[in-house]
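Sequence order for the protein chains is A and B. Quick note: the first sequence uses my numbering, first residue 1171, plus one each step. Quick note: the second sequence uses my numbering, first residue 15, plus one each step.
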Amino acid sequence: MTRTLDIRNLCLRLPDTARPVLDGVDLHIAAGETVALVGESGSGKSLTARTVLRLLPKGAETEGAVEVAGENVLALDPQQLRALRTGRVAMIFQDPRAAINPLRRVGDFLTESVRLTGAMSEPDATRRAAELLTAVGLDASVLRRHPGQLSGGMLQRVMIAAALMGDPVLLLADEPTTALDVTSQAEVVALIGELKERFDTGLLFVTHDLGLAAAISDRVYVMYAGRIVETGPAATLFTDPRHPYTLALLAATPRLAAPGGRLAAIDGQPPDLRHELTGCSFAPRCRFATQLCTTQAPEPHSAPGAPGHLAACHHSDRLEESAADA
Amino acid sequence: MPDTVLEVTGLRRTFGTVRAVDDVSFTLAEGGSLGIVGESGSGKTSTARIIVGLERADAGQVLLHGSDRTARARGKARRLARARQIQLVFQDPYLSLDPRTTVEAALREALRLHFPDIDHARRITELLDQVGLGTRAASALPRRLSGGQRQRVAIARALAVEPAVMVLDEAVAALDVSVQAQVLNLLADIRAQTGIGYLFITHDLGVVRCVTDDVIVMRHGRIVESGPTAEVLATPQHPYTRLLLDSVPRPGWDPRQLAAARRALSLTTNRGNSTDS
Chain A
1171 MTRTLDIRNL CLRLPDTARP VLDGVDLHIA AGETVALVGE SGSGKSLTAR TVLRLLPKGA
1231 ETEGAVEVAG ENVLALDPQQ LRALRTGRVA MIFQDPRAAI NPLRRVGDFL TESVRLTGAM
1291 SEPDATRRAA ELLTAVGLDA SVLRRHPGQL SGGMLQRVMI AAALMGDPVL LLADEPTTAL
1351 DVTSQAEVVA LIGELKERFD TGLLFVTHDL GLAAAISDRV YVMYAGRIVE TGPAATLFTD
1411 PRHPYTLALL AATPRLAAPG GRLAAIDGQP PDLRHELTGC SFAPRCRFAT QLCTTQAPEP
1471 HSAPGAPGHL AACHHSDRLE ESAADA
Chain B
15 MPDTVLEVTG LRRTFGTVRA VDDVSFTLAE GGSLGIVGES GSGKTSTARI IVGLERADAG
75 QVLLHGSDRT ARARGKARRL ARARQIQLVF QDPYLSLDPR TTVEAALREA LRLHFPDIDH
135 ARRITELLDQ VGLGTRAASA LPRRLSGGQR QRVAIARALA VEPAVMVLDE AVAALDVSVQ
195 AQVLNLLADI RAQTGIGYLF ITHDLGVVRC VTDDVIVMRH GRIVESGPTA EVLATPQHPY
255 TRLLLDSVPR PGWDPRQLAA ARRALSLTTN RGNSTDS
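Below, the structure is given as structure tokens:
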């Protein structure tokens, strides 16, 4: 069966940098699957999502393959690319106010893409927009409003409705709830989940929030310095992490259940783009690192008895022992 | 029982018909840490701005060591003295640091204004050391620094005037998890060393659990629940506090049920503040 999204060995280089911003990214999503991509700023998670729409920074050079339903995005001509962006793949951004023209009515915004591509007539587009607004918990009166008259949570629902206008097979959500309050976050997540089920859309959910990733996704990818360092089912990745970075991130997160007091901070900073990387990108901050880690970049290998749980670490097995000690 | 450093009583502020801050009262113990949690529009930032003096209250009192801060300060010396009492650290250090001023110059400016007679160079080294920044950062412009480093600079600048209270308004919200942990640890160390009281404004309950002794929960401008942090988070009494706690994503989390609970709660409150009494 063709995967909804299949990214294979994706490398992306920017001018005047010493190492690739994305370095051998492998990621796939099946139809109707929810996949979370987690990482910190600069890890390349947003860039990975944007590459799926070929929204690349200036001067970017790519290698590898990015296939949406079997079609290589990196090789499309401008017309095909436009069809992809207005139809099969849709993106929801973090800040809805930055993604909508404040001077145009919500109705114009919602119907613009399908009207421009001629996919729907204007009355059909308006009917569809009204339907989707109802589906996201708003009503058709919103069509006549301007963005400034809506709250952040309402506007993010409009964005979700807009994303579904072209019946996408894949939804890319880049931190869609980060700017929202926790209770609105729950509503928006519930909504995305319901719509995804109804339309059988694949979902790539980009977030820095490990708790949210664990709560909503089927599988998780953890990114660090442009590489996927660990991937696996959401249910086991956070309970039995096999990469020291995942383990460290979990330990650094302030938790409700944990007692107050000091957190296990990760010393140092992620590597910057001005220096070439030899060996494992996390080695300088890793308490498990040995000589081997500084010279040889680890290949991803699977956990015993769990072929879907991969970690790129020379010391995955030592990690388990130390977790047992703690 | 430690002494009270900050006492707020009956604070009220309206914007048009909206009661942004509605009868807010609390105390902060000397060297204590009090969290204010709530969502956007709950009045937590307005409360903070009134306490710092960026906003005026319609009614109520803010007492620092027993003296009132709400009356207008007359004269430069009085204004400076008041500024030294409470310092504010914002969420986004990009916006609160002058992009054309080096770290060292920013600290020197604060010191020159408040303490013209001391050895500034030595105090600057001391402050940078206290927030874990090296001398290389001292000569840097803000854009040369990472988000975590910039937030350390903002904290150093607040510390420079030796305040009694620091108000931290979502001060770690924009930071990555690993950097956030470093800054939270730093703040815990500073409080232990200096005895500065913290007013910690945040929407993140995990952060509240980690750095505060007591907490107040605000909604629609009012305090709906308050108490020791561990107690409030373990056995929340108000339905809104329960909703906030349940909204924190975790495995087995049911966002649909939460969405329903949220709507139910806003209905009961709109019907006449029955749950707020």
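Using N, Cα and C, we set each Cβ at its ideal position, and we do this for glycine too.
query                                                                                                                        : result
C-alpha gap between A:A1427 and B:R264, whole angstroms                                                                      : 11 Å
With 16 other Cβ atoms within 10 Å as the buried cut-off, status of A:T1187                                                  : exposed
A:D1265 in three-state terms, based on DSSP                                                                                  : coil
Helix, strand or coil at B:V167 according to DSSP, with G and I counted as helix                                             : helix
Cβ distance (whole Å) where A:G1323 is taken to contact A:L1365 below 8 Å                                                    : Not quite, the Cβ-Cβ distance comes to about 16 Å (not below 8 Å), so this is no contact.
Residue closest to B:K58, alpha-carbon to alpha-carbon, out of B:A34, B:G80, B:Q75, B:A71                                    : B:A34
Three-state secondary structure assigned by DSSP to A:S1451                                                                  : coil
Three-way DSSP call (helix, strand, coil) for B:D190 in this model                                                           : coil
Beta-carbon proximity list for A:L1325, same chain, < 8 Å, skipping 5 on both sides                                          : P1266, R1267, I1270, P1317
Counted within 10 angstroms of its Cβ, other Cβ atoms place A:K1228 as buried (16 or more) or exposed                        : exposed
Whether A:A1219 touches A:D1379 by CB criterion (7 Å)                                                                        : no
Contact set for A:L1197: own chain, Cβ-Cβ below 6 Å, skip 5 residues either direction                                        : I1177, Y1391
Selection from A:A1360, A:M1335, A:D1337 that minimises the alpha carbon distance to A:T1347                                 : A:A1360
Chain B within 7 Å of A:T1353, Cβ atoms only                                                                                 : yes
Reduced DSSP secondary structure (H/G/I, E/B, other) of B:T289                                                               : At B:T289 the pLDDT is 37, less than 50, meaning the model places this residue with poor confidence and gives no usable figure here.
Neighbour list for B:V191 in chain A, Cβ cutoff strictly below 8 Å                                                           : E1210, H1378, L1380, L1419, A1422, T1423
Assumed close pair A:A1481, A:E1400 - CB separation to whole angstroms, cut-off 8 Å                                          : 4 Å
Buried versus exposed call for A:N1179 [16 or more other C-beta atoms within 10 Å across all chains shown]                   : exposed
7 Å Cβ cutoff, A:R1397 in contact with chain B                                                                               : no
Nearest neighbour of A:T1174, chosen from A:V1306, A:E1241, A:P1190, A:P1185 [CA to CA]                                      : A:E1241
C-beta atoms of B:L20 and B:L78 nearer than 7 Å                                                                              : yes
Test: B:P263 CB closer than 7 Å to a CB of chain A                                                                           : yes
Contiguous beta strand (DSSP E) assignments of at least 3 residues, all confined to the segment 1366-1416 of chain A         : 1372-1377, 1389-1394, 1397-1403
Check whether A:L1382 and A:L1342 have beta carbons under 7 Å apart                                                          : no
Beta-carbon spacing of A:R1425, A:G1438 below 7 Å                                                                            : no
Beta-carbon neighbours of B:Q196, restricted to chain A and to distances below 7 Å                                           : A1435
Proximity to B:Q144 [Cα-Cα], best of B:T208, B:M232, B:A244, B:T18                                                           : B:T208
Which listed residue (A:Q1319, A:F1369, A:G1288) has its alpha carbon closest to that of A:I1330                             : A:F1369
Reference A:E1491, options A:C1181, A:G1478, A:V1191, A:F1458, closest by Cα                                                 : A:F1458
Residues, ordered as in the chain, of the segment 215-236 of chain B that lie near chain A by beta-carbon distance below 9 Å : H217, D218, L219, G220, V221, V222, R223, C224, V225, T226, D227
Cβ distance (whole Å) where B:L213 is taken to contact B:L48 below 8 Å                                                       : 6 Å
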